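Numbering (this note's numbering), first residue to last: 213 to 688.
Where a beta carbon is used, it is the ideal one built from N, C-alpha and C, also for glycine.
Since we're looking at a predicted model, the values are computed, not measured.
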């Protein structure tokens with residue numbers, strides 16, 4: 213057992229893949245890649261840097277001498293300069309040109325953008341896999357009638373698959389936002405201490421075109437299309453706000469799904485996976501708690517609230533920068549990503565193992581269907597010569613009586629029997645029971661599912677088939 217605090221996000225929820233993206237090793241290796249991109253670009257634009265120096269830097273991009281950097285930081289109290297020093301120890305020929313013209317934010321902020329972009333790509337991969345599994349579920353149950361609810365009160369029937377498309381639609385909107393955000397990501401570039409690029413203007417002896425070309429080269433070498441056109445010392449903290457708002461949107465969609473599953477599990481219509489040896493309650497051995505869905509909701513609450521942090525930070529930055537963003541960024545950005553990673557793993561795990569109970573679904577629907585069929589019954593009676601206004605009042609009265617029998621006496625819904633006994637309707641019980649086919653009352657639900665999956669979801673999945681096929685193992 214450890215005797216120091218460990219984040220539950222790392223121990224219980226987030227994947228190793230997401231944890232590595234926000235690891236110190238990823239950060240410091242990215243710093244070195246940025247220093248290489250800077251030196252190589254400066255060389256290509258005519259500064260006194262040799263290919264030998266660049267090659268030396270490249271040779272040591274991954275074998276970071278952390279012990280040297282750590283000892284140096286104790287002395288100088290500056291993480292960037294400690295790593296510049298450590299890199300220089302390994303690259304004596306290139307020592308003098310590492311970090312040339314740059315500020316700490318050159319590596320710090322550019323790395324933050326790179327790390328967030330990689331994390332967004334992993335989120336995208338997992339989101340697509342959730343969409344894929346949910347699409348399979350929707351298709352399988354597209355024609356399975358079920359009782360729909362508004363205000364959690366019985367409403368017109370829908371189908372199990374149609375309800376799943378409501379979850380899918382929200383995830384599709386999240387994917388749209390996510391793709392837009394990934395396409396919008398841009399590096400800080402090489403802006404200098406207050407964003408004016410004054411140090412680079414000095415290095416390139418006033419050649420503005422070379423400075424602009426420098427940023428293009430750095431962006432290209434790091435896999436980006438562009439840099440911020442203007443900035444202070446840092447990239448605008450608005451970027452962090454936008455990124456975490458995307459995560460908060462995904463969290464909200466997952467939370468809504470988890471609520472519906474928990475309600476359905478209470479109704480015994482659909483259950484999340486429940487393993488053979490899983491214990492639902494320490495006291496009540498019969499219980500099957502929807503703990504995965506509850507965990508989705510819990511983590512989603514955390515993400516949605518944590519997403520406020522970058523907005524507050526962005527709003528309170530002073531002029532070209534202040535450092536009161538630093539501690540907050542170190543917490544809020546990684547933890548939001550780790551939490552959403554855990555949420556998507558849970559979401560995928562739940563959808564992949566959903567258990568549907570058609571008999572329970574049918575029983576509940578049939579207990580309410582007579583009420584919902586009254587309009588059709590009334591129209592049939594009118595066609596047979598009845599008075600529409602008179603029949604409407606009779607059905608209203610009989611519906612109230614049947615409802616009272618169910619609620620106050622605990623009896624089954626006997627509305628059909630009551631209508632059959634009323635000569636005004638001129639319909640036998642057998643005639644009325646023929647109207648009780650649930651598929652007659654689901655509208656275009658099956659067709660809507662087919663059209664939505666074909667026109668909206670399938671093109672997305674076809675275009676991203678190389679990332680599909682994930683499964684999610686839950687730690688606890």
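The C-alpha of residue 243 is placed about 41 angstroms away from the C-alpha of residue 347.
The continuous alpha helix (DSSP H) containing residue 672 extends over residues 670-675. Burial state of residue 354 is buried, judged by a 10 Å Cβ sphere holding 16 or more other Cβ atoms. Residue pairing by DSSP places residue 366 opposite 361 in a beta bridge. Residue 630 and residue 615 have their alpha carbons spaced roughly 12 angstroms apart.
Residue state for residue 248 is assigned as helix, using DSSP reduced to three classes. Between residue 516 and residue 460, the gap from beta carbon to beta carbon is short of 8 angstroms. Out of 508, 453, 483, the CA that lies nearest to the CA of residue 470 is found in 508. Looking at the DSSP output, residue 439 sits in a beta bridge with 399. The alpha carbon of residue 375 has as its nearest neighbour, out of 384, 570, 349, the alpha carbon of 349. A Cβ-Cβ separation of about 7 angstroms places residue 245 in contact with residue 434 under the 8 angstroms criterion. Counting along the chain, the unbroken alpha helix (DSSP H) around residue 607 starts and ends at 600-621. Secondary structure of residue 567 (DSSP, three-state): strand.
Rounded to whole angstroms, residue 271 and residue 241 show a C-alpha spacing of 12 angstroms. By the criterion of a C-beta distance shorter than 8 angstroms, residue 400 is surrounded in its chain by 317, 318, 321, 322, 325, 439, 440, 443, 446, 447, once the five residues flanking it on both sides are discounted. With 16 or more other CB atoms across the displayed protein chains lying within 10 angstroms of its CB, residue 561 is buried. Bridge partners of residue 483 according to DSSP: 567. About 33 angstroms separates the beta carbons of residue 402 and residue 387, which is beyond the 8 angstroms limit, so they are not a contact pair.
Residue burial is scored here from C-beta neighbours: residue 683 has fewer than 16 other C-beta atoms within 10 angstroms and is therefore classed as exposed.
Residue pairing by DSSP places residue 371 opposite 357 in a beta bridge.
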